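Anchor point for the sequence shown: position 125 equals 383 in this note's numbering, and the numbering is continuous, going up by one each time. Glycine included, each C-beta is placed from N, C-alpha and C at the ideal position. If you're wondering where the values come from, they're calculated on a predicted model, not measured in any experiment. See structure below.
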Amino acid sequence: MSLTRADLEADQLRRHYEQFYPELPLVPRHEFDASLERALDAVGTGHDLWLFAYGSLIWNPLFRFAEQRPARVRGLHRRFCLWSRMGRGSPEHPGLMLALEHGGRCQGFLFRIPSGDVRTELTLIWRREMTMGSYDARWVNAQVGGQSHRALCFVINRRCRQYAGKLPTDQVVEVLATASGRLGSAADYLFQTVDCLRAHGVQDAPLFDLARQVLDTRARAARIEACPEVGA
């Protein structure tokens, strides 16, 4: 299944975690609400919000926006450094998801949320990204052509239990090629991100190469399953 706007409107992620995974250290409600209010205060009354997206938010945003533009931020890069034990994996076989790490640069997308929609839409985004404490919300300067926009983005929280650090490439490939969870496979998460970037002419050579390696690994596994003697 895929995550929907209705899920976020009903706060279904938190409800699901509380019901089926009570051992998970979710961000307490009062801390969650306070962090959302701080972000809203930083936007300011009557101002649009620019949001920088780099992973699933670019191909399944679920929030209403007025415009979308390819953009770049410096000092951050996307990396598969976040374990997923439910959405794209399981407790027994965790998957991996993208997050922003410090260093380098990242090509992604800016979304503009009109001022009148900021509270409603940012609340849904917060429920999606901030419930488990996997990210820190940060303000960055995103470049669009010759213009710079102050934008909100979600950077990995290295203190969270889901933080995977910098894993060897062969381990990342193996995890992405084999893990699957409630929201689908880790491989599909990667492929959808790559497809969206390519469709908009956004380049990310390391991510594209990773997708190729995952495709090769999955194809090799399928051949071995069909003809076990191939792997002998």
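Query, Result
"Using the DSSP secondary-structure output, state which residues sit across from Cys418 in a beta bridge.", "None; Cys418 has no bridge partner."
"Could you spell out where the beta strand (DSSP E) holding Asp291 opens and where it closes?", "Not the beta strand (DSSP E): Asp291 falls in the alpha helix (DSSP H), residues Arg287 to Val301."
"For Pro328, report the span of its alpha helix (DSSP H) as first-last.", "Segment Glu325 to Ser342 is the beta strand (DSSP E) holding Pro328; no alpha helix (DSSP H) there."
"Check the DSSP bridge columns for Ala479 and list the partner residues they point to.", "Ala479 pairs with nothing; no bridge assigned."
"Does the separation of the CB atoms of Gly333 and His351 fall below 8 Å?", "no"
"Is the segment 390-401 in contact with the segment 430-446, if contact means three or more CB pairs nearer than 8 Å?", "no"
"Which residue wins for smallest C-alpha separation from Ile383, given the options Gly366, Gln450 and Ser314?", "Ser314"
"With C-beta atoms as the reference, is Leu368 less than 8 Å away from Trp308?", "yes"
"Less than 8 Å separating the beta-carbons of Ser443 and Arg370?", "no"
"Between which two residues does the alpha helix (DSSP H) harbouring Phe321 extend?", "That residue, Phe321, is in no alpha helix (DSSP H); it is neither H nor E in DSSP."
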